[in-house]
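Trainee: In this note's numbering, the protein residues as written are 128 to 745.
Ideal Cβ placement from N, Cα and C applies to all residues, glycine included.
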Amino acid sequence: MAKIPINLVTGSLQQDEMIVGIDLGTTNSLVAIIHPETKKPVVLKEHDESSMVPSVIYFDEYGNPIVGTAAKAYLEIAPERTIFSAKRLMGKTYSDLGNTSLFSYKIIDDNTDSLVKVKVDNTFYSPVELSSFILKELKLRAEHILKTPVTKAVITVPAYFNDAQRQATRDAGKLAGIDVLRIVNEPTAASLAYGLGVGKSDQVQTIAVYDLGGGTFDISILRIVDGVFEVLSTHGDTYLGGDDFDKCIVQHWAGQNNISNEELSGNTLLAQGLRLRAETAKKYLSEADVYEDSFNQSSLILTKNEFEDLIEPLVSKTIDCCNRALKDAGIKKEEIDNIVMVGGSTRVPLVKHRVGDYFGKTVNDSVDPDEVVALGAAIQADILAGNNKEVLLLDVTPLSLGIETAGGLMDVLIPRNSKIPSKASRQYTTQVDGQSGMRISVYQGERDLVKDNRKLAEFNLTQIPGMPAGLPKVEVGFLINADGILTVTANELRSGVAQQIEVKPQYGLTDEQVEKMLLDSITHAKEDIATRALTEARTEGEQLLKTTENFLQKNTSLIHQEELLQTAAAMQALQLAITMEDKNLIQQKIEALNDISRPYAERIMDAAISTAMSGKKI
Ligand code: AMP
128 MAKIPINLVT GSLQQDEMIV GIDLGTTNSL VAIIHPETKK PVVLKEHDES
178 SMVPSVIYFD EYGNPIVGTA AKAYLEIAPE RTIFSAKRLM GKTYSDLGNT
228 SLFSYKIIDD NTDSLVKVKV DNTFYSPVEL SSFILKELKL RAEHILKTPV
278 TKAVITVPAY FNDAQRQATR DAGKLAGIDV LRIVNEPTAA SLAYGLGVGK
328 SDQVQTIAVY DLGGGTFDIS ILRIVDGVFE VLSTHGDTYL GGDDFDKCIV
378 QHWAGQNNIS NEELSGNTLL AQGLRLRAET AKKYLSEADV YEDSFNQSSL
428 ILTKNEFEDL IEPLVSKTID CCNRALKDAG IKKEEIDNIV MVGGSTRVPL
478 VKHRVGDYFG KTVNDSVDPD EVVALGAAIQ ADILAGNNKE VLLLDVTPLS
528 LGIETAGGLM DVLIPRNSKI PSKASRQYTT QVDGQSGMRI SVYQGERDLV
578 KDNRKLAEFN LTQIPGMPAG LPKVEVGFLI NADGILTVTA NELRSGVAQQ
628 IEVKPQYGLT DEQVEKMLLD SITHAKEDIA TRALTEARTE GEQLLKTTEN
678 FLQKNTSLIH QEELLQTAAA MQALQLAITM EDKNLIQQKI EALNDISRPY
728 AERIMDAAIS TAMSGKKI
C-alpha cells in the first residue's frame with residue numbers, strides 16, 4: 128500500500144486502493160479505514176461534519192434519491208416519500224414484518240411469500256435497492272475524503288441476520304458498485320475494535336456484546352477460539368432503545384405541565400419540540416445532575432435521579448435479555464471474560480452500571496460506542512488486505528456457489544469468501560402439480576443470471592411422489608470440505624428420495640479468470656439486478672395468476688358477479704404486463720389484483736372458519 132499523508136481534520140487523504148469498513152446501521156451508517164500512518168482505525172468525516180450518515184432516503188418528485196442528513200429533514204414534512212429503517216426490511220416478506228404501522232411510507236402487502244417492496248409514487252423499490260442508495264452515498268463520501276476510488280469493503284450486519292438478509296446486504300453492495308469482501312457480524316467487529324481476538328492466543332475467550340442504540344437492543348454472546356469468532360447466542364428487542372428513553376422524558380414533562388396525550392398527538396410542533404429537548408436532556412444528564420429549560424410556556428426540569436427512575440424498567444428489560452442470551456448459550460455470567468459496549472445509549476451511566484453490576488465486571492467502554500462497529504470493520508478489512516499478519520487467515524471460497532432457480536436466476540448457497548470447510552442448505556419446492564423430477568444445476572460466479580456464471584454440474588432428482596405444486600420439500604445441501612471439494616445433495620424430505628454429486632469448483636480456473644468474474648459482477652450489477660427484479664416480478668405475477676385461478680374455480684358460487692368481472696379484468700391486465708419489460712407495471716397490476724381479491728378471499732376464509740368452529744366450544 129502506498130504511503131500517502133493523511134489529514135483527517137480537513138479530511139484529505141490519498142491512497143492507491145483502500146478497503147473500507149462499513150457499519151450499515153438501521154439509524155446511522157459510518158465508514159472507517161486504517162490510518163495509513165498511525166495504523167490505527169479511524170472513522171471518515173469531512174471537516175467538522177459528523178461521521179454518522181443518517182440511514183434515511185428521500186425521493187424527490189422526479190424519483191431522485193437523496194440520502195443522509197438532507198433526507199432526514201423530510202421525515203416530518205414528506206413522510207410517505209422518506210424511507211428510514213430500510214435495514215429492518217432486508218430479506219423479509221410482508222408477513223415477517225408483523226406490525227407495519229410503524230413505517231410512515233408504503234410497504235406492499237402482496238399476499239405472497241416474496242420479499243417486501245416499498246412504493247413511492249409509482250415506483251417499487253426493494254430493500255436491496257434502498258440500502259444500495261445508502262451505500263452509494265457512503266462510497267461517494269469516502270471517495271471524496273480519500274481522493275481515491277473506493278470499490279472494496281467489509282460490511283457489518285447484526286449477528287442474528289439470516290442467510291437471506293446477508294445475501295441482500297451483499298447484493299446492495301454490488302448494486303452500489305462495491306465488492307463486498309466479507310460480511311461481518313456487528314458484535315464481532317466491536318470485539319475486534321477492542322483488540323479481542325486479534326493477536327495469536329490459544330486462550331478461549333467468551334465475550335458479551337451489549338448493543339443499545341436509538342431503536343434497537345441486541346445482546347450477543349461470542350466465543351473466540353484461535354482467532355475464530357463463533358456466535359453462541361443472540362437476544363434482544365427490535366423496538367427498544369434511546370428513543371424510548373426520550374419518550375419517557377416527554378411523558379414526564381407532559382404530566383408536570385398538564386399537557387394531555389390528545390394535545391401531544393394533535394400538536395406535532397409541540398411533540399417534536401419536547402422530544403428534541405428530551406434527547407438533549409438525556410445526553411446532558413450523562414455528564415450533569417440537573418437539566419433545566421423552558422419551552423412553549425412549559426418548564427422542563429429533570430434531575431439525573433428522576434431520569435434514572437424513568438428508564439429503570441427499560442434497562443431492566445435489557446438485563447432480562449442478557450439473562451436469556453446466557454441461558455441459550457449454556458454459560459454462566461461468571462464465565463464472561465469481556466463485556467463490550469456498543470450504541471449511543473450505552474453512554475447513559477445507569478446503563479453502564481447496571482450491565483457491569485449484572486456481569487460483575489467493569490465494561491469495555493473506552494471506544495466511542497457509535498464508532499466501535501465501523502472501526503472493527505476497518506480492522507477486518509485490513510486483515511483481508513493482508514496487512515495484519517497477527518490474525519489467522521482462513522482458506523475461503525473465491526467465488527459464490529449456488530443453483531439455478533425459476534427464470535434462470537442464481538440462488539447462492541455459499542457466498543464467496545466463506546470459510547472452508549463450509550456447509551449450507553436450503554429448501555425448494557415444485558412449481559407444477561404432480562411434478563416427479565427436479566433438475567439441480569450447480570453454478571459458480573457472482574452474476575444474478577446463471578447464464579453469465581460458470582456451470583459446474585447438473586443432475587436430476589427423480590421419483591418424487593406425485594404431490595400438488597408447492598408441497599414437496601426438496602432440501603439442497605452444499606458441503607465444501609477442507610480440500611475444496613464440493614458435494615451437492617438433494618433430498619425430498621417427505622418421501623426420502625435423494626441424490627448427490629461431487630465437483631471440484633476451482634478446477635481449471637486461473638486467478639485472472641476469478642478476478643474477471645468478480646469485476647464483471649460489479650460492472651453489470653445494475654442491469655443484473657434489474658433483470659433479477661423483472662424475472663422475480665414475472666414469477667410472482669404468474670404464481671398469483673395461478674393461485675387466483677385455483678381459488679376462483681373452487682369458490683365461484685361464493686363470489687359476486689361484479690367481483691368476478693373485476694377479477695377477470697385485473698388478471699388480464701396482469702397477464703399483459705407480464706409480457707412487457709416493466710417490473711413496476713407488473714407490481715402495480717399484482718397490487719391491483721390483490722386489492723380486488725383480498726376482500727372476498729377474506730370473506731370466504733372467515734365463513735369457512737366460522738362453519739368449522741360452529742358447535743365447538745373455544
Ligand atoms: P445509535 O443508534 O447507536 O447511533 O444510538 C443513538 C442513540 O444514542 C440515540 O437515542 C441517542 O439519543 C443516544 N445517545 C447519543 N449520545 C448520548 C449520550 N451522550 N447520552 C445518552 N444517550 C445518547
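So, for Asp455: in the same chain, excluding its five sequence neighbours on each side, which residues have a beta-carbon less than 6 Å away from its beta-carbon?
Mentor: As a working note, residue 455 is residue 328 in the sequence shown. When the five nearest sequence neighbours on each side are left out, the beta carbons in the same chain lying within less than 6 Å of the beta carbon of Asp455 are those of Ser360, in order along the chain.
Trainee: Please state whether the Cβ-Cβ distance between Arg215 and Val247 is less than 7 Å.
Mentor: On the sequence shown, position 88 is the one that residue 215 refers to. On the sequence shown, position 120 is the one that residue 247 refers to. No, they are not a contact pair.
Trainee: When you compare each of Ala198, Glu531, Asp464, Ala700 to Arg581 by their alpha carbons, which one comes out closest?
Mentor: Along the sequence shown, read from residue 1 onward, the residue named residue 581 stands at position 454. Looking at the Cα atoms, Glu531 is the closest of the given residues.
Trainee: Beta-carbon within less than 6 Å of Asn171's beta-carbon, same chain only, minus the 5 sequence neighbours each way: which residues are those?
Mentor: In the sequence shown, counting from the first residue as 1, residue 171 sits at position 44. The question names Asn, but residue 171 in the sequence shown is Leu. For Leu171, where only same-chain residues beyond five positions count, the Cβ hits under 6 Å are Val158, Ala269, Ile272.
Trainee: Does the Cβ of Glu663 have 16 or more other Cβ atoms within 10 Å, making it buried, or fewer, making it exposed?
Mentor: Stepping through the sequence shown from its first residue, residue 663 is reached at position 536. When all chains shown are included, Glu663 counts as buried.
Trainee: Between the Cα of Lys88 and those of Asn289, Leu262, Asp733, Ala286, spot the shortest distance and give me the residue it belongs to.
Mentor: Within the shown structure, residues of the chain are numbered from 128 to 745, placing residue 88 beyond reach of any answer.
Trainee: Could you give the residue range of the beta strand (DSSP E) that holds Ile184?
Mentor: Stepping through the sequence shown from its first residue, residue 184 is reached at position 57. Segment 184-186, the beta strand (DSSP E) holding Ile184.
Trainee: Give every residue of the same chain whose Cβ lies closer than 6 Å to the Cβ of Ile320, excluding the five residues on either side of it in the sequence, and list them in chain order.
Mentor: Reading the sequence shown from its first residue, position 193 is the one you call residue 320. Here residue 320 turns out to be Ala, not Ile, going by the sequence shown. Val494, Val499, Leu502, Gly503, listed in sequence order.
Trainee: Give a single yes or no on whether Asp497 has its beta carbon closer than 6 Å to a heavy atom of ligand 1.
Mentor: Your numbering for residue 497 matches position 370 in the sequence shown. Within the chosen limit of 6 Å, ligand 1 reaches the beta carbon of Asp497 through at least one heavy atom.
Trainee: Return helix, strand or coil for Pro132, following the three-state DSSP convention.
Mentor: Here residue 132 corresponds to residue number 5 of the sequence shown, with the count starting at 1. Low per-residue confidence applies at Pro132: pLDDT is 30, beneath 50, and the placement is therefore not dependable enough to give any value.
Trainee: Are at least three pairs of beta-carbons, each pair with one atom in the segment 385-397 and one in the segment 294-314, less than 8 Å apart?
Mentor: no
Trainee: Suppose the cutoff is 8 Å on Cβ atoms and the five residues either side in sequence are ignored; what does the same chain contact list for Gln294 look like?
Mentor: As a working mapping, residue 294 is identified with position 167 in the sequence shown. Within its own chain, the residues whose Cβ lies closer than 8 Å to the Cβ of Gln294, once the five positions on either side in sequence are excluded, are Gly218, Val539, Pro542, listed in chain order.
Trainee: Can Arg474 be considered in contact with ligand 1, in the sense that its beta carbon sits closer than 6 Å to one or more heavy atoms?
Mentor: Reading the sequence shown from its first residue, position 347 is the one you call residue 474. Yes, since a heavy atom of ligand 1 falls inside the 6 Å radius drawn around the Cβ of Arg474.
Trainee: Report buried or exposed for Asp638, applying the criterion of at least 16 other Cβ atoms within 10 angstroms of its Cβ.
Mentor: For the purposes of this step, residue 638 is identified with residue 511 of the sequence shown, where counting begins at 1. Burial call: exposed.
Trainee: Excluding the 5 residues flanking Asp187 on each side, which residues of the same chain have their C-beta closer than 7 Å to its C-beta?
Mentor: Reading the sequence shown from its first residue, position 60 is the one you call residue 187. Counting only Cβ-Cβ distances below 7 Å, and skipping sequence neighbours, we find Ile193.
Trainee: Thinking just about the alpha-carbon of each residue, which of Asp223, Thr557, Ser231 is nearest to the one in Ala205?
Mentor: Locating residue 205 in the sequence shown gives position 78, where the first residue counts as 1. Closest by alpha carbon: Ser231.
Trainee: Do Gly535 and Val577 have their CB atoms nearer than 7 Å?
Mentor: Stepping through the sequence shown from its first residue, residue 535 is reached at position 408. Stepping through the sequence shown from its first residue, residue 577 is reached at position 450. Cβ atoms of Gly535 and Val577: closer than 7 Å.
Trainee: Please confirm whether any heavy atom of ligand 1 lies closer than 6 Å to the CB of Thr154.
Mentor: Translated into positions along the sequence shown, residue 154 becomes position 27. Thr154 Cβ: within cutoff of ligand 1.
Trainee: What are the uninterrupted segments assigned as beta strand (DSSP E) that are 3 or more residues long and contained completely in the segment 307-345, given in chain order?
Mentor: 332-339
Trainee: So what does Ala159 bridge to, in DSSP terms?
Mentor: If you number the sequence shown from 1, residue 159 lands on position 32. Gly148, Val170.
Trainee: Taking the beta carbon of Leu257 as the centre, do at least 16 other beta carbons fall within 10 Å, making it buried, or is it exposed?
Mentor: Looking up residue 257 in the sequence shown gives position 130. Looking at its Cβ environment, which holds 16 or more other Cβ atoms inside 10 Å, Leu257 is buried.
Trainee: Closest to Gly340 by C-alpha separation, out of Leu367, Gly324, Ile351, Trp380, would be which residue?
Mentor: Counted from its first residue, the sequence shown places residue 340 at position 213. When each option's Cα is compared against that of Gly340, the closest is Leu367.
Trainee: Identify, in the order they occur along the chain, each residue of the same chain with its Cβ nearer than 7 Å to the Cβ of Asp306, setting aside the five sequence neighbours on each side.
Mentor: For this step, residue 306 is matched to residue 179 along the sequence shown. These residues qualify, in order along the chain: Thr278, Lys279, Leu645, Ile649.
Trainee: Is Glu406 a contact residue of ligand 1, with contact defined as CB to any heavy atom under 6 Å?
Mentor: Within the sequence shown, the letter at position 279 stands for residue 406. Correct: Glu406 has its Cβ closer than 6 Å to ligand 1.
Trainee: Just the C-alpha distance for Ala609 and His651, rounded to the nearest angstrom, thanks.
Mentor: On the sequence shown, position 482 is the one that residue 609 refers to. On the sequence shown, position 524 is the one that residue 651 refers to. Roughly 32 Å separates the two Cα atoms.
Trainee: Buried or exposed for Leu537, please, with buried defined as at least 16 other CB atoms from any protein chain shown within 10 angstroms of its CB.
Mentor: Locating residue 537 in the sequence shown gives position 410, counting from the first residue. Looking at the sequence shown, residue 537 is not Leu but Met. Buried: at least 16 other Cβ atoms inside 10 Å.
Trainee: Taking a contact to mean a Cβ-Cβ separation below 7 Å, would you say Gln627 touches Ala596 in this structure?
Mentor: The residue given as residue 627 occupies position 500 in the sequence shown. The residue given as residue 596 occupies position 469 in the sequence shown. No.
Trainee: When you compare each of Pro525, Glu669, Val478, Tyr252 to Leu302 by their alpha carbons, which one comes out closest?
Mentor: Numbered from its first residue, the sequence shown carries residue 302 at position 175. Checked all of Pro525, Glu669, Val478, Tyr252; the closest Cα to Leu302 is Tyr252.
Trainee: Decide if the segment 398-409 is in contact with the segment 366-384; the criterion is three or more beta carbon pairs, one per stretch, under 8 Å apart.
Mentor: yes
Trainee: Which residue comes first and which comes last in the alpha helix (DSSP H) that contains His362?
Mentor: Translated into positions along the sequence shown, residue 362 becomes position 235. If you look at His362, you'll find it isn't in any alpha helix (DSSP H); it sits in the beta strand (DSSP E) that goes 355-364.
Trainee: Given a cut-off of 7 Å on the beta-carbon distance, is the pair Thr153 and Ser212 in contact?
Mentor: Taking the first residue of the sequence shown as 1, we reach residue 153 at position 26. Taking the first residue of the sequence shown as 1, we reach residue 212 at position 85. Cβ atoms of Thr153 and Ser212: closer than 7 Å.
Trainee: Are three or more beta carbon pairs between the segment 568-576 and the segment 548-556 nearer than 8 Å?
Mentor: Touching, no, given that fewer than three Cβ pairs across the two stretches are closer than 8 Å.
Trainee: Ends of the alpha helix (DSSP H) at Ser258?
Mentor: The sequence position of residue 258 within the sequence shown is 131, counting from 1. It spans 254-273 - the alpha helix (DSSP H) in which Ser258 sits, taken as one unbroken run.
Trainee: Return yes when the Cβ of Val478 is within less than 7 Å of the Cβ of Val490, no when it is not.
Mentor: Counting from one through the sequence shown, the residue named residue 490 turns up at place 363. Counting from one through the sequence shown, the residue named residue 478 turns up at place 351. Against a cut-off of 7 Å, the Cβ pair of Val478 and Val490 comes out as no contact.
Trainee: Quick check: the Cα distance between Val243 and Gly400, rounded to an integer number of angstroms?
Mentor: As a position in the sequence shown, residue 243 is number 116, starting the count at 1. As a position in the sequence shown, residue 400 is number 273, starting the count at 1. Roughly 34 Å separates the two Cα atoms.
Trainee: Assuming Leu613 is part of the alpha helix (DSSP H), what are its boundary residues?
Mentor: On the sequence shown, residue 613 is found 486 positions in, with the first residue counted as 1. Element bounds for Leu613: not the alpha helix (DSSP H) but the beta strand (DSSP E), 613-619.
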